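This report refers to the structure that appears directly beneath it.
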Amino acid sequence: MLMKSIIIADSSTIGRIGLKAIIDKMDGYDVVGEADNSEQVFVLIEKNTPHIVIIDFLSDGFDIETVVEIKRRYPNVMLLAITPLQSGATLTSALRAGIDSYIKKSCDIPEVIDAIEKTSERTSFYCGQILKKIRKESIDIHDLEVMDFSCDAIGLSKREKEVLAMIAEGHTNTKIAELLFLSAHTVTTHRKNIMHKLGVKNTAGIVMYAVKSGIVSPNRFLFSH
-19 MLMKSIIIAD
-9 SSTIGRIGLK
1 AIIDKMDGYD
11 VVGEADNSEQ
21 VFVLIEKNTP
31 HIVIIDFLSD
41 GFDIETVVEI
51 KRRYPNVMLL
61 AITPLQSGAT
71 LTSALRAGID
81 SYIKKSCDIP
91 EVIDAIEKTS
101 ERTSFYCGQI
111 LKKIRKESID
121 IHDLEVMDFS
131 CDAIGLSKRE
141 KEVLAMIAEG
151 HTNTKIAELL
161 FLSAHTVTTH
171 RKNIMHKLGV
181 KNTAGIVMYA
191 VKSGIVSPNR
201 FLFSH
């Protein structure tokens, strides 16, 4: 039987031990490495070419940019996130970044096994708690394909870049208007122009562009409730 290889990326030793114990009892799966930080996970992926990386990108030593970079370098590697979900923004950002499947750390063992099996078949899987969050936040999964942003200049004006950064940091149009001494109508116009120039449909697209372009750090918005 061809074994399907897995790397576990989590700064929590207990978390890694628990996951490995579950996987070791599954037929056809092999944990080929464990990483407690981003640097280690890239070394392990390069060495082992795993089928799946199970990652808690919210744990110390990892972030959303780890997910983006894994998908950029190794597009065929499937990514299963297992985290204590923080917010709808976290979920949206993760799916945008390239997470294929997503479950919570509070899921029971059968659901964890199901997630691993489905992900190994290159099928996205979301646990019941994640699906509830998706419905509550009205997140359109089909509109959250990984966006192929380049680092080339888009042609945003200085003011548009200021507005873009503030949008990515979670400010409302009213707050942005107050901070930049503009009318709310002007900010709304800037937002529409930014979305048009970036070719995105929503705020999540603006945020992802801002992160990938280095305009803002993902930590500025990722952990808000």
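Using the working numbering, the letters of the sequence shown map in sequence onto residues -19 to 205. In this text, a Cβ means the ideal position worked out from N, Cα and C, and glycines have one as well. Remember, predicted model here, so these are calculated numbers, not experimental data.
Cβ-Cβ distances below 6 Å link residue 14 to -12 and -4 in the same chain, with the five nearest sequence neighbours on each side left out; the list follows chain order.
Taken through DSSP and simplified to helix, strand or coil, residue 59 comes out as strand. With 16 or more other CB atoms across the displayed protein chains lying within 10 angstroms of its CB, residue 136 is buried. Here the region 40 to 56 makes no contact with the region -1 to 9; the two share fewer than three CB pairs at distances below 8 Å.
Looking at the DSSP output, residue 84 shares a beta bridge with 63. Here DSSP, grouped into helix, strand and coil, assigns residue 186 to helix. In the DSSP assignment, the residues bridged to residue 106 are 82.
The region 75 to 87 makes contact with the region 49 to 63; the number of CB pairs closer than 8 Å reaches 3 or more. Taking 3 residues as the shortest admissible run, the region -6 to 80 contains the following complete beta strand (DSSP E) segments, listed from N- to C-terminal end: 9 to 15, 32 to 35 and 58 to 63. In terms of CA proximity to residue 171, 139 leads the group 188, 139, 158 and 159. Pairing residue 107 with residue 173, the inter-Cα distance amounts to about 37 Å.
By the neighbour-count criterion, in which a residue is buried when 16 or more other Cβ atoms sit within 10 angstroms of its Cβ, residue 34 is buried.
For residue -16, no alpha helix (DSSP H) segment is defined; the enclosing uninterrupted segment is the beta strand (DSSP E) at -16 to -11.
Here residue 86 is exposed. Its C-beta has fewer than 16 other C-beta atoms within 10 Å. Taking the Cα positions, residue 17 is about 7 Å away from residue -10. For residue 183 and residue 92, the gap between their C-alpha atoms comes out near 31 Å. Around residue 144, the same chain offers 136, 174, 186, 190 and 195 as residues with beta carbons nearer than 7 Å, after the five sequence neighbours per side are excluded. Nearest neighbour of residue 102 by Cα position, chosen from 161, 71, 56 and 157, turns out to be 56. The alpha-carbon separation between residue -8 and residue 40 amounts to approximately 8 Å. For the pair residue 163 and residue 157, the Cα-to-Cα distance works out to about 5 Å. By the Cβ-count criterion, residue 89 is exposed, with fewer than 16 other Cβ atoms from all chains shown falling within 10 Å of its own Cβ. DSSP places residue 98 inside the alpha helix (DSSP H), whose first and last residues are 89 to 100.
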